[in-house]
Structures are given as C-alpha cells and as structure tokens.
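Report on one structure; see the data block that follows.
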Amino acid sequence: MIERRFLQIHRRGAESFCVNPQEPVFSSILFIMAYRYKNLFFDLDDTLWAFSQNAHDTFEEMYRKYGYDSFFRDFHHFYTLYQQRNVELWEEYGNGQLTKDELNRQRFLYPLEAVGAGDAVLAQRFADDFFSVIPTKKGLMPYAREVLEYLSARYNLYILSNGFQELQCHKMRSSGIDGFFKKVVLSDDIGVLKPWPEIFHFALSATQSELKDSLMIGDSWENDVAGAKGVGMHQVFYNVNGKTELPFRPTYEIFSLKDLMQVL
660 MIERRFLQIH RRGAESFCVN PQEPVFSSIL FIMAYRYKNL FFDLDDTLWA
710 FSQNAHDTFE EMYRKYGYDS FFRDFHHFYT LYQQRNVELW EEYGNGQLTK
760 DELNRQRFLY PLEAVGAGDA VLAQRFADDF FSVIPTKKGL MPYAREVLEY
810 LSARYNLYIL SNGFQELQCH KMRSSGIDGF FKKVVLSDDI GVLKPWPEIF
860 HFALSATQSE LKDSLMIGDS WENDVAGAKG VGMHQVFYNV NGKTELPFRP
910 TYEIFSLKDL MQVL
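In this note's numbering, the protein residues as written are 660 to 923.
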C-alpha cells in the first residue's frame with residue numbers, strides 16, 4: 660500500500676516551493692494531474708510589477724523635484740512617515756471608512772503635517788505628479804516575463820488586483836506584460852477589495868471561470884492567500900520576503916516566480 664501523505668518539495672534553507680493539496684495525495688505528479696488548473700489569477704503589485712522599487716524610485720524623483728529636503732531630514736525620513744500612514748489609510752479604505760479620493764489626499768498630506776508644514780496645495784501637486792509618473796515605470800519582479808511567456812501558452816491568465824483602474828492597466832502597458840492577460844479585474848470595478856469574498860466571486864464570474872479550475876497567485880498573505888482560501892480557491896503564496904510564520908499552509912509556497920514553471 661502506498662502511504663498517503665502531504666508533500667513538501669524543499670531546497671531549505673533556500674526552500675523552493677511547498678505543496679499542500681489540502682487532501683493528502685500519493686505524489687506531487689498525481690497532485691498536479693488531479694488539479695488541472697485552467698485559470699490563473701495573478702496579483703499585480705509586487706507579484707509581477709515591482710511596485711516597491713518603482714514606487715521608491717518615483718518618490719525619490721518627486722522628493723527632489725518639489726524641494727522636500729526643506730521639510731525633512733532626508734528622503735528616508737519622509738518616506739518612513741509616508742509608508743507608516745499609508746498602511747493605516749489603506750486598511751481604512753479597505754474597510755469602507757475612506758473614499759479613494761480621501762485616501763489619496765490624506766496619505767500625501769500626512770508627511771507634511773507631521774513636520775508642521777501642512778501645505779495641502781503642495782501635497783496635491785506632488786500627488787498628481789506621482790500618479791502621472793509611477794505607471795510609466797517598467798520594473799518587473801525577477802523572472803516575471805519569462806514565467807508569463809511560459810504560462811500564457813498553457814493557461815488563461817488574469818489579473819486580480821486592488822490597484823486603481825487609472826494606474827494598473829497603464830503599468831502593464833508600460834512594462835510590456837498587458838498582452839499576456841485575457842482580462843484585468845480590479846477592486847475599482849465593484850468597490851470591494853481583496854480579501855473580501857465578493858471580489859473573488861466577481862472575478863470568477865467576469866472571466867467565466869470555475870472555482871475548481873482556478874488558482875490565485877500573489878505576494879500578500881492576507882489579500883491573496885487568505886482571501887482565496889476563504890472562497891475555496893487554491894493559492895500560491897509568493898513569499899518574496901521570506902515570511903517564516905504562516906497561519907496555515909497554502910496550497911503552494913514559492914520563493915521565486917520561476918518556481919511556478921515547476922509547479923504548473
């Protein structure tokens with residue numbers, strides 16, 4: 660008798676990926692055969708498009724352009740203030756406590772207010788310029804293009820993102836990855852963000868995909884992995900930051916996008 664077991668495929672300390680079929684199976688090959696995915700839903704920011712680096716570069720450009728060195732000790736001082744408040748405001752936005760306009764107004768104004776220079780006009784000029792520049796950035800996560808070329812010949816690819824409509828498609832065009840995807844589904848489309856179940860159900864309906872044939876791939880534990888699990892969708896956690904304490908075992912865990920070519 661073949662022992663039924665969960666499977667993990669390791670390169671620890673540099674682990675490649677983990678498989679958890681949620682129901683024990685005989686082998687990784689049988690697992691992949693049992694789950695013939697047809698539809699792959701990708702998060703965009705920091706899964707495919709290098710948001711953190713592109714945003715950092717754009718903020719540095721704006722910091723110099725608008726003379727923010729007059730208000731802050733250095734760029735790091737400004738950026739730390741921005742990021743701390745930005746996380747809080749996005750949580751409020753996700754819970755329906757803020758409108759998109761108010762989110763954008765407050766997050767760009769806050770750093771100036773924190774140093775006693777609350778110039779709302781300057782903050783708005785900075786924000787407008789930032790939003791015009793950032794989607795022109797072309798930086799992608801390592802192996803993103805190669806992986807998309809490989810997967811697009813085998814699966815239906817879709818974007819499922821919390822980003823803003825006026826930015827996300829522009830980012831994809833600028834970085835040359837828009838042609839890989841059959842449809843882009845955004846939280847702006849229905850006013851609900853990941854990880855709420857409604858956006859996952861909406862994405863399945865909008866793409867005429869079935870839950871059993873679909874897989875969510877993303878770098879955000881809460882938004883992508885826990886959100887997908889909440890509706891019964893299999894997940895790939897792109898553990899780009901090497902998170903070690905996971906609340907549960909995802910269907911797959913990868914540490915490089917190129918590992919998708921082994922999993923799928």
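Beta carbons: idealized from backbone N, C-alpha and C, even for Gly.
Practice item. Report the rounded CA-to-CA distance for PHE718 versus ASP878, giving the unit in angstroms. Key: Within the sequence shown, residue 718 is the residue found at index 59, counting from 1. Within the sequence shown, residue 878 is the residue found at index 219, counting from 1. One C-alpha to the other measures close to 22 Å.
Check your understanding: Assuming MET800 and LEU707 make a contact with CB atoms under 8 Å, what is their CB distance in whole Å?
Key -> For the purposes of this step, residue 800 is taken as the residue at position 141 of the sequence shown. For the purposes of this step, residue 707 is taken as the residue at position 48 of the sequence shown. Sure, about 6 Å apart at Cβ, within 8 Å.
Practice item. Using only alpha-carbon positions, find the residue among PHE737, ARG764 and LYS697 that is nearest to TRP749. Key: The residue you call residue 749 lines up with position 90 of the sequence shown. Ranking the options by Cα distance to TRP749, first place goes to ARG764.
Practice item. With a cut-off of 8 Å on the beta carbons, I'd call LYS697 and ASP872 a contact; round off their distance for me. Key: The residue given as residue 697 occupies position 38 in the sequence shown. The residue given as residue 872 occupies position 213 in the sequence shown. Right, their Cβ atoms sit about 4 Å apart.
Practice item. Check the DSSP bridge columns for LYS842 and list the partner residues they point to. Key: On the sequence shown, residue 842 is found 183 positions in, with the first residue counted as 1. Bridge partners of LYS842: TYR817.
Point to revise | Other residues of its chain near GLN712: CB distance less than 8 Å, five sequence neighbours each side excluded | key: Walking along the sequence shown from the start, residue 712 turns up at place 53. Around GLN712: GLY798.
Exercise for review: Helix, strand or coil for LEU808, going by three-state DSSP, please let me know.
Suggested key: Along the sequence shown, read from residue 1 onward, the residue named residue 808 stands at position 149. For clarity, residue 808 is Glu in the given sequence; the question names Leu instead. Annotated three-state conformation of GLU808 is helix, per DSSP.
Practice item. Drop a sphere of 10 angstroms on the beta-carbon of LYS724, count the other beta-carbons inside from all chains shown, and report buried for 16 or more, exposed for fewer. Key: Translated into the one-based positions of the sequence shown, residue 724 becomes position 65. LYS724 comes out exposed.
Review point. What is the DSSP secondary structure of VAL895, reduced to helix, strand or coil?
Key: One-based indexing of the sequence shown puts residue 895 at position 236. Residue state, collapsed to three classes: strand.
**Study point:** Neighbourhood of TYR752 by C-beta, 6 Å cutoff - its chain only, sequence neighbours within 5 removed
**Key:** For the purposes of this step, residue 752 is taken as the residue at position 93 of the sequence shown. Excluding sequence neighbours, TYR752 sits near LEU762.
Review point. So who's on the other strand from LEU699, going by DSSP bridges?
Key: By one-based count along the sequence shown, residue 699 stands at place 40. BP columns for LEU699 point to LEU816 and LEU874.
**Study point:** ARG670 - DSSP class collapsed to helix/strand/coil
**Key:** Position 11 of the sequence shown, counted from the first residue, corresponds to residue 670. Low confidence applies to ARG670: its pLDDT is 32, below 50, so where it sits in the model is not reliable, and the reading given next is rough at best. Coil, per DSSP.
Review point. Between ALA779 and the rest of its own chain, which residues show a CB-CB distance below 7 Å, the 5 nearest in sequence each way excluded?
Key: Here residue 779 is taken as the residue at index 120 of the sequence shown, counted from 1. Excluding positions up to five away in sequence, the list reads LEU768.
Review point. Any idea which residues DSSP pairs ASP704 with across the strands?
Key: The sequence position of residue 704 within the sequence shown is 45, counting from 1. Paired residues: TRP708.
Check your understanding: Is it the case that the Cβ atoms of ASN815 and LEU852 are separated by a distance below 9 Å?
Key -> The sequence position of residue 815 within the sequence shown is 156, counting from 1. The sequence position of residue 852 within the sequence shown is 193, counting from 1. No, these two residues do not count as a Cβ contact at 9 Å.
Review point. Between PRO854 and the rest of its own chain, which residues show a CB-CB distance below 6 Å, the 5 nearest in sequence each way excluded?
Key: Counting from 1 along the sequence shown, the entry for residue 854 is found at position 195. If we look at PRO854 and ignore the five residues flanking it on each side, its Cβ neighbours are GLU881, ASN882, ALA885 and GLY886.
**Study point:** Sequence-distant residues of the same chain with beta carbon closer than 7 Å to PRO770, five excluded per side
**Key:** The sequence position of residue 770 within the sequence shown is 111, counting from 1. Here the set comprises PHE737, LEU740 and TYR741.
**Study point:** Sub-9 Å separation of LEU874 and MET892 beta-carbons
**Key:** In the sequence shown, residue 874 corresponds to position 215, counting from 1. In the sequence shown, residue 892 corresponds to position 233, counting from 1. A Cβ-Cβ contact shorter than 9 Å links LEU874 with MET892.
Check your understanding: Going by Cα to Cα distance, which pick from TYR817, LYS796 and TYR727 is closest to PHE785?
Key -> Counting from 1 along the sequence shown, the entry for residue 785 is found at position 126. PHE785 has its Cα closest to that of TYR727, out of TYR817, LYS796 and TYR727.
Point to revise | Check whether ASP702 and ILE876 have beta carbons under 9 Å apart | key: Here residue 702 is taken as the residue at index 43 of the sequence shown, counted from 1. Here residue 876 is taken as the residue at index 217 of the sequence shown, counted from 1. Yes; because the gap between Cβ atoms is below 9 Å, this pair is in contact.
Check your understanding: Excluding the five sequence neighbours on either side, which residues of its own chain have a C-beta within less than 8 Å of the C-beta of LEU807, listed in chain order?
Key -> The residue you call residue 807 lines up with position 148 of the sequence shown. The residues are LEU707, LEU816, ILE836 and PHE839.
**Study point:** Nearest-angstrom Cα separation, counted from MET920 out to ILE691
**Key:** Your numbering for residue 691 matches position 32 in the sequence shown. Your numbering for residue 920 matches position 261 in the sequence shown. Only weak support is given to the placement of ILE691: the predicted model assigns it a pLDDT of 47, under 50, and the question is left unresolved by the model.
Review point. Straight-line CA distance for LEU916 to ALA803?
Key: The count along the sequence shown starts at 1 and reaches residue 916 at position 257. The count along the sequence shown starts at 1 and reaches residue 803 at position 144. One C-alpha to the other measures close to 6 Å.
Review point. From what residue to what residue does the alpha helix (DSSP H) around ILE858 run?
Key: On the sequence shown, residue 858 is found 199 positions in, with the first residue counted as 1. 856-865 is the span of the alpha helix (DSSP H), which, as asked, contains ILE858.
Check your understanding: What three-state label does DSSP hand LEU748 in the structure shown?
Key -> As a working note, residue 748 is residue 89 in the sequence shown. Of the three classes helix, strand and coil, the one that applies to LEU748 here is helix, per DSSP.
Point to revise | LEU689 versus ARG695: straight-line alpha-carbon distance, rounded | key: Here the question's residue 689 lines up with position 30 in the sequence shown. Here the question's residue 695 lines up with position 36 in the sequence shown. The predicted model places LEU689 with a pLDDT of 39, which falls under 50 and marks its position as unreliable, so this point remains unresolved.
Practice item. Confirm the yes/no value for this check: CB of GLN824, any heavy atom of the ligand SAH, distance under 8 Å. Key: The ligand content of the structure shown is nil, which means the ligand SAH is not present either.
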